[in-house]
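Under UniProt numbering, the sequence shown has 116 at position 116, and the numbering climbs by one with no breaks. No residue lacks a Cβ here, since even glycine has one placed at the ideal position from N, Cα and C. Being a predicted model, the structure only gives us computed values, none of them experimental. Input: a single structure, listed below in structure tokens.
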Amino acid sequence: MVHADDEIRARLKRSVTLAAGRSFLHGGPAFPHAATMAFNGTWKVDRSENYEKFMEKMGVNMVKRKLAAHDNLKITIEQTGDNFQVKEHSNFRNIEIKFTLGVTFDYSLADGTELTGAWTMEGDTLKGDFTRKDNGKQLTTVRTLQGDELTQSYSYEGVEAKRIFKRS
């Protein structure tokens, strides 16, 4: 049997948690990933490491690899709890991606490669595990922050690359 006082406490806790975005009883974030909202903002690509070799391994043709090296990619990340909205703007395409942590979704790379997978949060790291639809091979993408830089690391078939973005 639920006592009236217990029900009132539970309702009060829920309303305070939702209003303040913090847990009333524990003092921590109401959303488990609220602290990671540091990814929020607009990021412009500054430099890349081994990106052309990575694209070659992915099967991107030489012309597209050369163009991608100068794509002037800018990403805008908006996180609310476990939900993300990412806008990608480049010389070649503008897209908007919405996803929820831990929920599988479909995504197309700029070269048309179709993927399926999900993003998860591991501490302060945003990790994407994706499977190519055409060959079943795995692509891992990891986003980390250090100061005003966002590093997006890629791993595919033993080839690793990085794209480093500056907050703009």
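Local Cβ density within 10 Å of residue i, reported as buried at 16 or more and exposed below that
{"i": "Met55", "result": "buried"}
{"i": "Ala161", "result": "buried"}
{"i": "Val103", "result": "exposed"}
{"i": "Arg163", "result": "buried"}
{"i": "Ile95", "result": "exposed"}
{"i": "Gln138", "result": "exposed"}
{"i": "Met62", "result": "exposed"}
{"i": "Leu25", "result": "Unreliable positioning characterises Leu25 in this predicted model, as indicated by a pLDDT of 35, which lies under 50. A coordinate reading is not provided."}
Integer Cβ distance of residue i from residue j, believed to fall under 8 Å
{"i": "Asn50", "j": "Asp71", "result": "The Cβ separation is near 16 Å, so there is no contact."}
Beta-carbon gap between residue i and residue j smaller than 7 Å
{"i": "Lys74", "j": "Lys44", "result": "yes"}
{"i": "Leu145", "j": "Ala38", "result": "yes"}
Closer than 6 Å: residue i CB and nearest the ligand MG heavy atom
{"i": "Gly128", "result": "As far as ligands go, the structure on display features none, and thus does not contain the ligand MG."}
Coil, strand or helix - residue i by DSSP
{"i": "Leu109", "result": "coil"}
{"i": "Ala38", "result": "helix"}
{"i": "residue 170", "result": "No answer is possible for residue 170: the residues shown for the chain start at 1 and end at 168."}
{"i": "Phe54", "result": "helix"}
{"i": "Val86", "result": "strand"}
Beta bridge counterpart(s) of residue i as assigned by DSSP
{"i": "Phe165", "result": "Val45 and Leu150"}
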